[in-house]
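Since the structure comes first, as structure tokens, the remarks are kept for the end.
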Amino acid sequence: MKHPVGYGADARLRWTEWLPWVVAVAVFFLLPEYLSLGARVLTYILFALSLDLVLGYAGIVTLGHAAFFGTGAYVAGILAAKLGVTDPVIQLLASAAAAALLGLATGAVILRTHGLAQLMLTLAVAAVCLEIANKATALTGGADGLSGVSVAAIFGQFKFDMYGRTAYLWCLLLVFTGWWLVRRVIYSPFGATLTGIRENSVRMHSIGAPVYQRLLTVYTLSAAMAGTAGALLTQTNQFVGLNVLGFEPSGEILVMLILGGVGRLYGAFVGPLLFLIAQDYLARQFPEYWYFGIGLILVLVVLFARGGILGISDAIIARMGRKS
Amino acid sequence: MPACKAFTWGKGVPDALKLSGVRAGYGATVVLEDVDFSLAEQGSLAVLGRNGVGKTTLLATIMGLTTFQAGRIEYAGKTIERLEVHERARLGIGYVPQTRDIFPSLSVEENLLVAARPGRWSRDRVFDLFPRLAERRSHMGNQISGGEQQMLSIGRALMGDPALLLLDEPLEGLAPIIVDSLLAAIQRLTQVESLTVVLVEQSARLALEMTQEALVLNRGRITHRGASSELLADPKLLSSLIVSG
Numbered sequence: 008m009k010h011p012v013g014y015g016a017d018a019r020l021r022w023t024e025w026l027p028w029v030v031a032v033a034v035f036f037l038l039p040e041y042l043s044l045g046a047r048v049l050t051y052i053l054f055a056l057s058l059d060l061v062l063g064y065a066g067i068v069t070l071g072h073a074a075f076f077g078t079g080a081y082v083a084g085i086l087a088a089k090l091g092v093t094d095p096v097i098q099l100l101a102s103a104a105a106a107a108l109l110g111l112a113t114g115a116v117i118l119r120t121h122g123l124a125q126l127m128l129t130l131a132v133a134a135v136c137l138e139i140a141n142k143a144t145a146l147t148g149g150a151d152g153l154s155g156v157s158v159a160a161i162f163g164q165f166k167f168d169m170y171g172r173t174a175y176l177w178c179l180l181l182v183f184t185g186w187w188l189v190r191r192v193i194y195s196p197f198g199a200t201l202t203g204i205r206e207n208s209v210r211m212h213s214i215g216a217p218v219y220q221r222l223l224t225v226y227t228l229s230a231a232m233a234g235t236a237g238a239l240l241t242q243t244n245q246f247v248g249l250n251v252l253g254f255e256p257s258g259e260i261l262v263m264l265i266l267g268g269v270g271r272l273y274g275a276f277v278g279p280l281l282f283l284i285a286q287d288y289l290a291r292q293f294p295e296y297w298y299f300g301i302g303l304i305l306v307l308v309v310l311f312a313r314g315g316i317l318g319i320s321d322a323i324i325a326r327m328g329r330k331s
Numbered sequence: 004m005p006a007c008k009a010f011t012w013g014k015g016v017p018d019a020l021k022l023s024g025v026r027a028g029y030g031a032t033v034v035l036e037d038v039d040f041s042l043a044e045q046g047s048l049a050v051l052g053r054n055g056v057g058k059t060t061l062l063a064t065i066m067g068l069t070t071f072q073a074g075r076i077e078y079a080g081k082t083i084e085r086l087e088v089h090e091r092a093r094l095g096i097g098y099v100p101q102t103r104d105i106f107p108s109l110s111v112e113e114n115l116l117v118a119a120r121p122g123r124w125s126r127d128r129v130f131d132l133f134p135r136l137a138e139r140r141s142h143m144g145n146q147i148s149g150g151e152q153q154m155l156s157i158g159r160a161l162m163g164d165p166a167l168l169l170l171d172e173p174l175e176g177l178a179p180i181i182v183d184s185l186l187a188a189i190q191r192l193t194q195v196e197s198l199t200v201v202l203v204e205q206s207a208r209l210a211l212e213m214t215q216e217a218l219v220l221n222r223g224r225i226t227h228r229g230a231s232s233e234l235l236a237d238p239k240l241l242s243s244l245i246v247s248g
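In the order they appear, the protein sequences are chains A and B. Those letters in the first sequence? Residues 8 to 331, per the working numbering, in order. Those letters in the second sequence? Residues 4 to 248, per the working numbering, in order.
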């Protein structure tokens, strides 16, 4: 009896795992008018993947993951708008490094706590980052945001175009890299250790696993990924606002992940897709009440599908398997 | 309650484990008081007593899972009472808790591999010790029976290549056929694999049959220490120690 993910599981790619990439490439050719929305969805998929790594696999509950997303966004923006560093690869690397550093520094404190204290500390980190961005107007533009972000051609060859084609493919490439990395982690001994820590950290201590170091490692890795996603947002929007930091984006990405399914890898794909398409549609149809629709979907998922959308599909597949 | 002096078994053989004046518990609550004993390398010790006298706490204290208040714990000549739990495990102390604590979302094989460290024990050697686990290798931790979970808990502790194994009621609530299988495995660990073993067990007779030495705890203090065979040969003494103890 094989299980879907984990160290001892069959790590070979199943055909269903190619589906998201086939769909993503098909969207590029078939729905060119939606490439900007597509790039935004891909950015949030990368952000959700980073959150899934800490929440779904390591069991670290956080309400402050936007601290890393926002740090990545601002580092890319400041490099481009204030320091004249327009190379997108350098921007991404710098953003990932800055977010990783923040993750390492804050994780060193946060991960020594548990439960409510840990949750509050993650929230506090995001709040402090928001306030720093708000006050450091010379660098960040404060409440007005940071404009004048210019991004050079990728690898000196591919310019960001107004149709969003380059941005879409750039985001797709980075999401693919992030997915590959997360998949490697969860199918590794390190990934199995994270599952053990999530389920019983005391027992993991007792079998010789340095729990704190493992958590700090995955937290830092996750922060780097979130920072990369933030930098992607800056590069595709060519603007950074305070809305990338604080509680709201942290809460939204959590909602997206819960919608898709926490700790399921592909829940990080389904959640942002559903959330952002619903947001796009509802905001056009009901500009004042669009969040009501999102809230309703969330209530239904929490009441009837604890494992998120993917949980429903897993249950249906399991039921069909039992019948056959 | 008779006063007991510090006691060392297996004279002439180096101590694997030595506790001196240990006081420990949970938070401010003291469970163990003034616990002194030594256990020689490759020795085996049964810890007996009624429910709630501190047997599990004694093992948890050696492992570093309680609030240590006073005293000294030495393992293989090193003072370990201030070490982190995982550092003690890496020094060679394996712990099989009463609750087994199998990771439900990991397969049997993964439960073993997450604990693997270089040494004498490998997944295949554990499967050789417990062939039933090999048959269940792909099953999830929550899909196996209680006896299999107990085998897996012992196997997982062995994967860390321990020289000292702490077993907390490994036979509790298991079917007789599983108990026989586990007893054979524990005997192999003590006699063939030369592990030092501390065994907490409700069934005093089974524990004494499997060990060289025994101690009896009452209200967190040691009230009797001696050879297991002596206690086994004197059921009245054993009964009086455990019932009155």
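All C-beta atoms in this analysis are idealised placements derived from N, C-alpha and C, irrespective of residue type, glycine included.
CB of residue i within 8 Å of CB of residue j, strictly
| i | j | result |
| --- | --- | --- |
| A:Val247 | A:Ala80 | yes |
| A:His72 | A:Ile260 | yes |
| B:Glu216 | B:Gly46 | yes |
| A:Leu64 | A:Gly270 | One detail in the question is off: residue 64 of chain A reads as Tyr in this sequence, not Leu. Yes, the pair counts as a contact, with Cβ atoms nearer than the cut-off. |
| B:Met66 | B:Val33 | no |
| B:Glu36 | B:Gly223 | yes |
| B:Arg26 | B:Gly74 | yes |
| B:Ala160 | B:Gly95 | no |
| B:Arg208 | B:Phe40 | no |
| A:Val362 | A:Ile316 | The displayed coordinates of chain A run from 8 to 331. Any statement about residue 362 of chain A would go beyond what the structure contains. |
| A:Leu44 | A:Asp321 | no |
| A:Gly300 | A:Leu289 | yes |
| B:Leu115 | B:Val129 | yes |
| B:Val111 | B:Pro173 | no |
| A:Leu26 | A:Gly84 | no |
Same chain only: Cβ atoms within 7 Å of residue i, ignoring 5 sequence neighbours per side
| i | result |
| --- | --- |
| A:Val61 | Ile67, Thr69, Val225, Tyr226 and Ser229 |
| A:Ile319 | Ala312 |
| A:Gly251 | The residue you asked about is not Gly; residue 251 of chain A is Val in the sequence shown. Same-chain partners within the cutoff: Ala73, Phe76, Gly77, Ala80, Gly237 and Leu240. |
| A:His212 | Val218 |
| B:Ser231 | Ala49, Leu211, Thr214, Gln215, Glu216 and Ala217 |
| B:Lys8 | No answer about B:Lys8 holds up, because its pLDDT of 44 lies below 50 and its placement is not dependable. |
| A:Leu201 | Tyr64, Ala65, Arg221 and Val225 |
Under 9 Å from the C-beta of residue i: neighbouring residues of chain A
| i | result |
| --- | --- |
| B:Met154 | In chain order: nothing, as chain A lies at least about 16 Å away. |
Strand pairing of residue i, partner residues [DSSP]
| i | result |
| --- | --- |
| A:Tyr226 | A:Tyr226 pairs with nothing; no bridge assigned. |
| A:Asp321 | Answer is none; A:Asp321 lacks a bridge partner. |
| B:Leu218 | B:Val50 and B:Arg228 |
| B:Val200 | B:Ser47 and B:Leu168 |
| B:Leu18 | Correcting the residue identity first, residue 18 of chain B is Asp in this sequence and not Leu. For B:Asp18, which the question treats as bridged, DSSP gives the partners B:Ala43. |
| B:Ala99 | The residue you asked about is not Ala; residue 99 of chain B is Val in the sequence shown. Bridge partners of B:Val99: B:Leu170. |
| B:Lys81 | B:Tyr78 |
| A:Arg313 | None, per the DSSP bridge assignment. |
Cross-chain neighbours of residue i in chain B, by beta carbon under 7 Å
| i | result |
| --- | --- |
| A:Gly203 | Phe106, Leu109 and Val117 |
| A:Thr200 | Val117 |
| A:Glu206 | Phe106, Pro107 and Ser108 |
| A:Pro27 | By Cβ distance, chain B contributes nothing, its closest Cβ being about 24 Å from A:Pro27, past 7 Å. |
| A:Ser256 | In the sequence as displayed, the identity of residue 256 of chain A is Pro instead of Ser. Per Cβ cutoff of 7 Å: no residues; A:Pro256 is ~29 Å from chain B at best. |
Other residues of its chain near residue i: CB distance less than 6 Å, five sequence neighbours each side excluded
| i | result |
| --- | --- |
| B:Arg120 | Gly163 and Asp164 |
| A:Ser257 | Leu70, Gly71, His72, Ala73 and Ala133 |
| A:Ser57 | Ser229, Met232 and Ala233 |
Minimum Cβ-Cβ distance from residue i to chain B less than 8 Å
| i | result |
| --- | --- |
| A:Ile52 | no |
| A:Lys9 | Its pLDDT being 40, under 50, A:Lys9 is placed unreliably by the model, and nothing is read from it. |
| A:Leu20 | no |
| A:Asn244 | no |
| A:Arg210 | yes |
| A:Pro39 | no |
| A:Pro196 | yes |
Contacts of residue i in chain A (Cβ-Cβ under 7 Å)
| i | result |
| --- | --- |
| B:Tyr98 | Ser213 |
Min CB distance residue i to chain A below 8 Å
| i | result |
| --- | --- |
| B:Leu68 | yes |
| B:Gly248 | For B:Gly248, the predicted model reports a pLDDT of 44, less than 50, meaning its position is unreliable; a value from the coordinates is still stated below. Not an interface residue. |
| B:Val201 | no |
| B:Arg26 | no |
| B:Arg128 | no |
| B:Val50 | no |
Residues that residue i contacts on chain B, provided the C-beta gap is smaller than 9 Å
| i | result |
| --- | --- |
| A:Ala216 | His89, Ala92, Val117 and Ala118 |
Interface residues of chain A facing residue i [CB-CB closer than 8 Å]
| i | result |
| --- | --- |
| B:Gly163 | Ile214 and Gly215 |
| B:Glu175 | Near B:Glu175 there are no residues of chain A at all, since even the closest Cβ is about 18 Å away, more than 8 Å. |
| B:Arg1 | Residue coverage of chain B in this structure runs from 4 to 248, which leaves residue 1 of chain B outside it and unanswerable. |
heavy atom of the ligand HEM below 7 Å from residue i C-beta
| i | result |
| --- | --- |
| A:Ala312 | Among the components of this structure there are no ligands whatsoever, and the ligand HEM is therefore not found. |
Contacting residues, own chain, Cβ-Cβ under 8 Å from residue i (five flanking each side not counted)
| i | result |
| --- | --- |
| A:Leu223 | Leu111, Gly114, Ala115 and Leu118 |
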